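Step one of this worksheet: look at the structure below.
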Amino acid sequence: MTTTTELGELTGDYLLDTAHTRIGFVARHTMATRVRGQFEEFEGSARLDGDDPSKSSARLTIQAKSLQTRNRQRDDQLRSTFLDTDDHPAITFTSTQVRQVDGTAFKVTGDLTIRGVTKPVTVDFELTLAANDPRGAFRVGFQGSVTINRMDWGVNWNAATGVLVSQKVTLEFDVAAIRRS
């Protein structure tokens, strides 16, 4: 971690820097290759309490139609039949608990809503950056991931896709946030 501060100095309200944040996913297709994708439109915020991380919180809203895998046909299929973006335009995450595992590792538990189904998940995060940028704004960076079973959220099309596309999907977060207060 590149840091110029102690953990306690991270306290404040943050907004995601969407230009420097990647929210992606990885899933196996036909059980042989990995398909990687990401979401292009999202917003989020966090309240960090460096002295007592359990008092921290985060929220994220992803526009499901912004999904990109670099294959138009696949993207259209994922948006329409898998994510049903016409009826469920947003994927959301709202934290319910933050637990510090060690110096820079955290477990963030929260409610993940996909296709109108809300289930708890725990994302493992690592603090990767805490520093002033060249313009003087204080930034934090976190990397994290969690593997979910897409079937738990009803993300499926038919019986064949239940076999051809892995039920396990890894959600990946490479987050940059700017302190606002």
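So that you can map any letter, position 176 of the sequence shown is 175 in numbering that gives the first Met the number 0, and since no number is skipped, the others follow by simple counting. Think of the CB as a built atom: it goes at the ideal place given N, C-alpha and C, for glycine as much as any other residue. Model, not experiment: these values are computed from the prediction.
6 Å CB neighbourhood of residue i in its chain, flanking five on each side removed
{"i": "residue 6", "result": "49"}
{"i": "residue 15", "result": "43 and 176"}
{"i": "residue 142", "result": "125, 127 and 173"}
{"i": "residue 0", "result": "Low confidence applies to residue 0: its pLDDT is 43, below 50, so where it sits in the model is not reliable, and the reading given next is rough at best. Excluding residues within five positions, the ones whose Cβ falls inside 6 Å are 103, 126 and 127."}
{"i": "residue 151", "result": "118"}
{"i": "residue 19", "result": "175"}
{"i": "residue 25", "result": "33, 35 and 169"}
{"i": "residue 70", "result": "none"}
{"i": "residue 95", "result": "108 and 109"}
Bridge partner(s) assigned by DSSP for residue i
{"i": "residue 59", "result": "43 and 92"}
{"i": "residue 32", "result": "28"}
{"i": "residue 12", "result": "46"}
{"i": "residue 81", "result": "Bridge partners of residue 81: none, in fact."}
{"i": "residue 54", "result": "Per DSSP, none; premise fails for residue 54."}
{"i": "residue 67", "result": "37"}
{"i": "residue 142", "result": "125 and 173"}
Sub-8 Å separation of residue i and residue j beta-carbons
{"i": "residue 22", "j": "residue 172", "result": "yes"}
{"i": "residue 110", "j": "residue 93", "result": "yes"}
{"i": "residue 90", "j": "residue 154", "result": "no"}
{"i": "residue 129", "j": "residue 139", "result": "yes"}
{"i": "residue 68", "j": "residue 74", "result": "yes"}
{"i": "residue 57", "j": "residue 107", "result": "yes"}
{"i": "residue 166", "j": "residue 149", "result": "yes"}
Cβ separation of residue i and residue j, assumed to be a contact under 8 Å, to the nearest whole Å
{"i": "residue 33", "j": "residue 27", "result": "6 Å"}
{"i": "residue 123", "j": "residue 97", "result": "Contact flag wrong, Cβ pair sits at about 12 Å."}
{"i": "residue 66", "j": "residue 77", "result": "6 Å"}
{"i": "residue 41", "j": "residue 17", "result": "7 Å"}
7 Å Cβ shell around residue i - same chain, five flanking residues per side excluded
{"i": "residue 99", "result": "52 and 105"}
{"i": "residue 147", "result": "120, 168 and 170"}
{"i": "residue 156", "result": "80 and 81"}
{"i": "residue 222", "result": "Only positions 0 to 180 of the chain appear in this structure, which leaves residue 222 out of reach."}
{"i": "residue 54", "result": "48"}
Below-8 Å beta-carbon distance, residue i vs any chain D residue
{"i": "residue 176", "result": "Among the chains in the structure shown there is no chain D, since it carries only a single protein chain."}
Beta-carbon proximity list for residue i, same chain, < 8 Å, skipping 5 on both sides
{"i": "residue 88", "result": "62, 63 and 64"}
{"i": "residue 83", "result": "114"}
Exercise for the section: Give a yes or no on contact between the segment 43-61 and the segment 9-26, applying the rule of three or more CB pairs nearer than 8 Å. Expected result: yes
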